[in-house]
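End of the sequence shown sits at 225 in full-length UniProt numbering; the numbers just go up one at a time, nothing left out.
For each residue, glycine too, the CB sits at the ideal point set by N, CA and C.
A short worksheet on the structure shown next.
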Amino acid sequence: MAVLLVTGTDAAVGKTVVTAAVVAAVGATGASVAVLKPAQTGARPGRESDVDTIRRLAGPAHARSLAEYNEQLPPLAAARATGKPPVALDDVLLAVEEFEEKHDLVLVEGTGGLLVPMGEGWTTADLAQQLGGLALVVAPAEIGAINHTALTLEALSHRGCPAYVVIGAWPAAPDAVHRMVLADLPGTRAGVVPDGAVGWPPERFRKAAPSWFAPGFAAAVTVEP
């Protein structure tokens with residue numbers, strides 16, 4: 001089965017809502033989709049986790065996180081700050097393999113950017129290389145996105161990881177800067193997710209999500225490389 005790694009140019013660029021949108025778009029084709037979040041930071045009682053957001057919006061067949069830390073820090077730093085063990089790369093790979101046995105697509109959502117320390121001695125870039133599948137880079141529609149996206153794509157390319165690019169929060173009233181970013185963003189564009197979609201009712205979100213991606217995207221990401 002296929003695996004798609006969702007990463008981003010930075011934190012707070014829309015990775016979770018994009019992950020949910022991919023679940024909805026691929027799920028609309030009849031495929032079974034599972035979601036794995038290796039490490040959730042900023043986990044607090046009463047605060048919706050990324051996995052819970054994805055469940056609410058898109059209803060994946062299965063979704064889980066391997067480690068949760070209440071500090072809003074990069075995962076390795078959050079583990080140290082809370083005295084909890086950091087997530088191990090081997091545990092992530094094992095969880096992906098278990099999901100692969102039962103689902104057509106496994107989405108793995110990273111935390112922060114590609115080179116943020118996830119655990120002892122590994123980053124999301126290392127995970128991408130180990131998975132050996134496609135990556136989806138989420139970028140904002142703002143100044144700096146072009147450079148940050150190019151750097152992220154270059155880092156993935158050096159590790160032999162082909163990637164798509166998606167804008168994670170496209171404004172309802174885009175200005176000249178937004179349009180410039182859309183026109184000049186490097187890489188193969190997979191789609192554009194509207195700003196505020198995280199607050200949409202699930203029925204509206206699931207119905208609209210397939211239209212946010214390029215034709216053939218859902219089929220392409222469910223094909224094992």
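| Item | Value |
| --- | --- |
| In three-state terms, what does DSSP make of residue 65? | strand |
| DSSP beta-bridge partners for residue 40? | 68 |
| My parser needs the alpha helix (DSSP H) runs of 4 or more residues fully inside the segment 103-150; what are they? | 124-131 |
| Just grab the DSSP bridge partners of residue 7 for me. | 137 |
| Of the residues 22, 138, 159, which one's Cα is nearest the Cα of residue 210? | 22 |
| Compare the beta carbon distance of residue 106 and residue 92 with 7 Å and say whether it is the shorter of the two. | no |
| Taking the alpha carbon of residue 212 as the point to measure from, which residue in 17, 198, 192 has its own alpha carbon closest? | 192 |
| Touching or not, the segment 1-8 and the segment 57-76, by the rule of three or more beta carbon pairs under 8 Å? | no |
| Residue 169 and residue 14 - do their beta-carbons sit closer together than 7 Å? | yes |
| In whole angstroms, what separates the C-alpha of residue 120 from that of residue 180? | 39 Å |
| Are the CB atoms of residue 18 and residue 63 within a distance shorter than 7 Å? | no |
| In its own chain, which residues sit with a C-beta less than 7 Å from the C-beta of residue 54, not counting the 5 before and 5 after it? | 16, 19, 20, 23, 35, 60, 63 |
| Could you check if residue 86 is buried or exposed, using at least 16 other CB atoms within 10 Å of its CB as the buried criterion? | buried |
| Verify whether the separation of the beta carbon atoms of residue 37 and residue 50 is less than 7 Å. | yes |
| When you compare the CB positions of residue 128 and residue 159, do they come within less than 7 Å of one another, or not? | yes |
| Counting C-beta neighbours from all protein chains within 10 Å, is the total for residue 157 16 or more, i.e. buried, or is it exposed? | exposed |
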